[in-house]
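Visitor: Residue numbers (my numbering): 22 to 96. Glycine included, C-beta positions come from ideal geometry on N, C-alpha and C.
(1) Count the other CB atoms within 10 Å of the CB of residue 30; is the residue buried (16 or more) or exposed (fewer)?
(2) Could you pull the start and end residues of the alpha helix (DSSP H) that residue 97 belongs to?
(3) Report the three-state DSSP secondary structure of residue 42 (helix, strand or coil).
(4) So residue 57 is in the beta strand (DSSP E); what residue range does that whole segment cover?
(5) Any heavy atom of the ligand GDP inside 6 Å of the beta-carbon of residue 55?
Structure, rendered in structure tokens:
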């Protein structure tokens with residue numbers, strides 16, 4: 022999951038070297054923190070949050086197959 026978020030974010034931003042993803046594992050849940058450069062924040066979130074919600078939907082599907090819950094936080 023971490024690799025998927027990183028790949029999508031690097032494809033969207035102008036400065037891929039600033040993309041970092043931290044994964045925090047819980048018992049039944051995973052929290053992914055996505056860090057990007059401040060000027061690329063709008064690209065990752067998208068208009069009305071559509072890009073961010075699409076990434077969250079993809080992650081939810083992958084996590085459901087593994088029996089987990091996932092949360093994507095854009096920091």
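Guide: In short:
(1) buried
(2) Outside the shown range of the chain (22 to 96) lies residue 97, about which nothing can therefore be said.
(3) strand
(4) Per DSSP, residue 57 belongs to no beta strand (DSSP E) and is neither H nor E.
(5) The ligand content of the structure shown is nil, which means the ligand GDP is not present either.
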